[in-house]
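Undergrad: Sharing a structure below in structure tokens format, with a few things to ask.
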Amino acid sequence: MSDEDLMRATPPATTILVADDDPDLRDILRSVLEPSGFAVIEAENGDRALEAIRASAPALVILDYLMPGLTGPQVCEQLRQDVVLRHLPIIMLTGKSEVHDKVAGLNAGADDYLVKPFEPMELLARVQMVLRRASRDLEANPLTRLPGNVSIQRELEERLSRRPEELAVCYVDLDRFKAFNDHYGFKRGDDVIKATADVLLKASGAHGSPTDFVGHIGGDDFIVLTRREKAEALCEAIVRDFDAMARQLYDEEDRTRGFLLHTDRKGNSVKVPLLSVSIALVTSDTEPLIHPGQVARIGAELKAYAKQFERSIYVKERRGKP
Numbered sequence: 003m004s005d006e007d008l009m010r011a012t013p014p015a016t017t018i019l020v021a022d023d024d025p026d027l028r029d030i031l032r033s034v035l036e037p038s039g040f041a042v043i044e045a046e047n048g049d050r051a052l053e054a055i056r057a058s059a060p061a062l063v064i065l066d067y068l069m070p071g072l073t074g075p076q077v078c079e080q081l082r083q084d085v086v087l088r089h090l091p092i093i094m095l096t097g098k099s100e101v102h103d104k105v106a107g108l109n110a111g112a113d114d115y116l117v118k119p120f121e122p123m124e125l126l127a128r129v130q131m132v133l134r135r136a137s138r139d140l141e142a143n144p145l146t147r148l149p150g151n152v153s154i155q156r157e158l159e160e161r162l163s164r165r166p167e168e169l170a171v172c173y174v175d176l177d178r179f180k181a182f183n184d185h186y187g188f189k190r191g192d193d194v195i196k197a198t199a200d201v202l203l204k205a206s207g208a209h210g211s212p213t214d215f216v217g218h219i220g221g222d223d224f225i226v227l228t229r230r231e232k233a234e235a236l237c238e239a240i241v242r243d244f245d246a247m248a249r250q251l252y253d254e255e256d257r258t259r260g261f262l263l264h265t266d267r268k269g270n271s272v273k274v275p276l277l278s279v280s281i282a283l284v285t286s287d288t289e290p291l292i293h294p295g296q297v298a299r300i301g302a303e304l305k306a307y308a309k310q311f312e313r314s315i316y317v318k319e320r321r322g323k324p
């Protein structure tokens with residue numbers, strides 16, 4: 003089985019990518035990690051590492067500091083600028099013990115470093131520590147692997163404390179998801195949630211800013227933090243891409259008909275329109291954004307208004323400050 007096949011076949015939570023131009027060192031790392039239950043994917047340089055990571059993100063990356071082409075810090079910097087991969091935990095390996103190499107790796111965004119040669123037990127301890135810390139800090143949703151509520155709250159508070167006038171908060175909620183889930187089953191419902199996360203990430207990458215944050219509040223609720231000047235174009239892209247995606251998840255008969263014939267809890271047959279997305283766009287256009295509670299309140303009011311429409315839509319506050 004090739005490394006690419008292994009990456010696809012192995013659950014991401016157990017996969018570690020090792021990038022080093024020394025095949026002997028890659029063999030050593032594999033011999034230490036695999037007996038502890040990890041699946042190891044190898045890359046012989048930084049460019050190949052980036053390619054493999056973007057094809058299927060592992061649970062953790064171990065990067066050599068010096069490699070042909072892209073160096074470890076350069077790979078690290080590119081990952082930290084990627085809206086999809088910026089939370090990926092990274093350990094940097096260096097053959098030197100000088101402080102400036104360690105500092106350079108950490109400044110590039112590495113979560114930890116290890117000096118070669120290393121003790122196998124220390125490597126395992128560092129790997130397990132970084133994975134535990136990443137899981138705790140990210141509190142990722144198990145279905146979408148997007149940051150959860152703890153990370154969302156922390157990110158929102160940080161951005162409000164810096165330049166709140168530049169911030170735009172997009173609360174994203176699916177309409178009629180429960181009827182879809184009841185009609186087609188949980189597996190198809192999970193497919194909708196995962197596909198929605200993919201729509202948000204891709205739209206943010208194409209139409210948002212490099213510092214965008216995409217989080218999964220829970221269920222069919224998501225959040226996107228972006229820059230104010232990017233927000234409306236991003237919302238338009240989400241609406242357009244969601245509608246195109248969602249239609250493909252219906253059976254052909256329902257898609258052609260344009261609605262579900264669903265039996266409600268009382269046994270009545272009802273017509274349920276196809277899935278749509280409601281986005282509440284919160285900015286400082288009408289009043290300064292001060293704290294998360296205020297942002298959430300405005301978002302809830304806007305989302306309630308958006309849900310009056312039986313189509314995908316985004317709405318923003320247009321009333322002046324009282």
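Note that the numbering used here has the sequence shown beginning at 3, numbered continuously upward.
Ideal placement from N, C-alpha and C gives every residue a C-beta, glycine not left out.
#1: If contacts are defined as beta-carbon pairs under 8 Å, then Asp243 and Ala205 qualify, I think. What distance do you get, rounded to the angstrom?
#2: Pull the bridge partners of Lys273 from the DSSP assignment, please.
#3: Please report the straight-line C-alpha distance between Arg28 and Ala127, rounded to a whole angstrom.
#4: Where does Gly48 sit, in a helix, a strand or coil, going by DSSP?
#5: Is it the case that the segment 152–171 contacts the segment 209–219, given that we only count it when at least three CB pairs across the two stretches are under 8 Å?
#6: Comparing alpha-carbon positions, which option in Gly150, Phe261, Val317 and Asn47 lies nearest His2?
#7: Nearest to Arg50 by CA position, among Ala59, Val42, Pro75 and Ala21, is which residue?
#8: Determine the direct distance from the alpha carbon of Ala308 to that of Ala302, and round the result to whole angstroms.
#9: Got a sec? Which residues, its chain only, sit under 6 Å from Gln310 by beta carbon, not counting five neighbours each side?
#10: In whole angstroms, what separates the C-alpha of Leu19 from that of Ile55?
#11: Taking Arg190 and Leu277 to be in contact with their CB atoms under 8 Å, please state how far apart those CB atoms are, rounded to whole angstroms.
#12: Spatial neighbours of Thr265 within its chain, please: CB distance less than 8 Å, with the 5 preceding and 5 following residues excluded, ordered by chain position.
#13: Regarding Gly150 and the ligand NAP, is the C-beta to nearest heavy atom distance less than 7 Å?
#14: Which residue wins for smallest C-alpha separation from Lys196, given the options Glu44, Ala248 and Asp113?
#15: Between Ser38 and the rest of its own chain, which residues show a CB-CB distance below 7 Å, the 5 nearest in sequence each way excluded?
TA: So, from the data block:
#1: 6 Å
#2: Leu263
#3: 18 Å
#4: helix
#5: yes
#6: Look at the range of the chain in this structure, 3 to 324, and you will see that residue 2 is not part of it.
#7: Ala21
#8: 10 Å
#9: none
#10: 8 Å
#11: Contact doesn't hold; Cβ gap of about 11 Å is too wide.
#12: Ser271 and Val272
#13: This structure does not include the ligand NAP; it has no bound ligands of any sort.
#14: Ala248
#15: Leu126
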